[in-house]
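**Q** The opening residue of the sequence shown carries number -12 in this note's numbering; numbering runs sequentially from there. Glycine included, C-beta positions come from ideal geometry on N, C-alpha and C.
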Amino acid sequence: MALAQGRLKEAEAAYQESLELRQNQRERTGDTPEMVRDLSVSLNNVGQVALTQGRLKDAEVAYQESLKLRRGLREQTGDAQDVVEGMSASLNNLGRVALAQGRLVDAEALFRESLELMRSLRRKVGDTPEVLRALSVSLDDVGRVELAQGQLEEAEGVYRESLELMRTLRERVGNTPDVVRDVSVSLDNVGRVALAKRRLEEAEAAFRECLSLRRGLQMQLGDTPEVVRDLSVSLDNVGRVVEAQGRLDEAEVAYQESLELSRRYRVQVGDTPEVVGSLSASLDSMGLLALARGRLNEAEAAYRETLELMRGQFERVGDTPEVLRALSVSLEHLAEVTEAQGRLDEAEATYRESLDIMRGLRGRVGDTPAVVRDLSVSLEGVGRLSEAQGRLEDAETAYRESLELRQGQRGRLGDTPEVVRDLSVSLENVGRMALAQGRLEDAETAYRESLELVRGQREQVGNTPEVVRDLSVSLKWLGDVLSAQGKLGEALDCYDEARRLRQRLALALPHILEHQRAVEELERLMEFLRSSNSRPS
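1. For residue 530, which of helix, strand or coil comes out of DSSP?
2. Starting from residue 61, trace the alpha helix (DSSP H) in both directions and tell me its first and last residue.
3. Once the 5 residues before and after residue 208 are set aside, which same chain residues still bring their CB inside 8 Å of it?
4. Kindly give me the distance between the Cβ atoms of residue 30 and residue 13, rounded to whole angstroms, as I take these residues to be in contact under 8 Å.
5. Shortest alpha-carbon distance to residue 491 belongs to which of 454, 520 and 473?
6. Measuring CA to CA, which of 226, 160, 158 and 156 is closest to residue 178?
7. In the stretch 375 to 414, which residue ranges form an unbroken alpha helix (DSSP H) of at least 4 residues, counting only runs that do not cross its ends?
8. Helix, strand or coil: how does DSSP classify residue 496 here?
9. Leaving out the 5 sequence neighbours to the left and right, which residues in its chain are closer than 6 Å to residue 47 when beta-carbon positions are compared?
10. From the DSSP output, in three-state form, read off residue 205 for me.
11. Taking the beta carbon of residue 524 as the centre, do at least 16 other beta carbons fall within 10 Å, making it buried, or is it exposed?
12. What would DSSP say about residue 87, mapped onto helix, strand or coil?
13. Spatial neighbours of residue 340 within its chain, please: C-beta separation below 7 Å, excluding the five flanking residues on both sides.
14. Would you report the Cα separation of residue 5 and residue 110, rounded to the nearest angstrom?
15. Using only the alpha-carbon positions, how far apart do residue 345 and residue 306 sit?
16. Using the Cα positions of residue 390 and residue 368, report the straight-line distance between them to the nearest angstrom.
17. Only counting the same chain, and skipping five residues up and downstream in sequence, which positions put a Cβ closer than 8 Å to that of residue 79?
18. Touch check for the stretch 281 to 293 and the stretch 253 to 262: three-plus C-beta pairs under 8 Å?
19. Taking the beta carbon of residue 463 as the centre, do at least 16 other beta carbons fall within 10 Å, making it buried, or is it exposed?
20. Taking 8 Å as the threshold (C-beta atoms), are residue 166 and residue 157 in contact?
21. What are the start and end residues of the alpha helix (DSSP H) that includes residue 353?
22. Distance, Cα to Cα, residue 133 vs residue 355?
23. Can you name, in chain order, every residue of its own chain whose Cβ lies under 8 Å from the Cβ of residue 20, other than the five neighbours on each side?
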């Protein structure tokens, strides 16, 4: 109860006392099956509090001891249902620690062993409520590690299976709070994969169903810490998917409510890693939206609060992979807004601090998809600042390293929407450096490859605002280099297609002024080319 209500110190004291009592009892009674099971439960409880507090090493020690006991109990008593379920839970717990430590291969092995245990148990005892729920949890954990590795198809498969199980369980036992929450978690997971694949309507449907369930739980249970946190996450997800569709006013309303709930959650529970992560996510969403709308002071305030939270987290928890990555991302966001404000020296120093953190993290955990992408983004920021200050060789070096990372990411993950977009942007950066240095053929090659990627992206995910904008940008850059080479007819065609795409966005999203400004710029370029083409040679 204390843990569920966020009273972590109280929960830790109670669980530690229970563990000591059971350890003392073990000395008196020996390793009876009941004693081993109870001791394993106590160790799991102690590990759960440690994990919630961000003490990963302590959590790992407790969970490892618990798993060792569960394996011994299984050897002693066989595959009784409670034994298998307990061992599965211990494997999942240890896998979550490995995931938090960035050890994705270890995490996947643990989660898959747990999943296989639950599949075997299901074949043995059938679809009991306990088995269905435990199997769903194992599937969710496998999905998390697949998503962390960028394996979207695999993640989607297990998440959909989990959702189907939870819908079945809901039909059988009704709308109990636990079942409703589990269904909402499965919907949230399915929505995340759909968003990563840029299937925006599908993602929105999943997120809105999840939000509806969680609002119902709020009405039923009140503002418990778990309800408040879950509702904040759902609102943030809804905000992200409507923002991706260009509906910025709706996104801002959702983000504001999410942020208010995250602040309430912090008051309820304190600065646990989960609370800080939830609040920083809400602040980041508000900051990104404010930046997109040109409200730079608001964006800076949100990002500075996030950075302060993450520096505090670093002091409390230490340099765990999760903390380091979050700190690097916070620095990168702050650098982006100071760059937009023209404070280039400050922005560059912040980008470089972010880059140093990501290089160190890469050395520790290797080339995980998240680390590689974050490192490439930091390099891109350093490149932009070097470019803005006229240091073109430095800029090109950073852009090329970012490009190489993204090419490697594509080789490992395939053409996911995020990978393709990142690679396209990197090619544009490299092309821009070649154009600035007069290497027109190199620039054209890079721009054509970028354009080909964006056209493929459009075929894959459709005419989302992001894709249409990216296609317009790629066409404009290609038009620039063709114009510089004197290929005025081809350049005019590129500008015209880019203009028509921007006109579509300007009509659909009139509140985003960038699109109308781009239309006007492209019309000026087209007029200049027409007048140049009509002059006597």
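**A** So, from the listed chains and residues:
1. With the chain represented from -12 up to 524, any question about residue 530 goes unanswered, as that position is not in the structure.
2. 43 to 64
3. 164 and 214
4. Rounded, the Cβ-Cβ distance is 12 Å, inconsistent with contact.
5. 454
6. 226
7. 379 to 400
8. coil
9. 84
10. helix
11. With a pLDDT of only 49 at residue 524, under 50, the local geometry of the prediction cannot be trusted, and the value read off the model is given with reservation. Exposed: under 16 other Cβ atoms inside 10 Å.
12. helix
13. 318
14. 35 Å
15. 12 Å
16. 13 Å
17. 97, 98, 101, 124, 125 and 128
18. no
19. buried
20. yes
21. Run containing residue 353: none; DSSP gives neither H nor E here.
22. 11 Å
23. 60, 63 and 64
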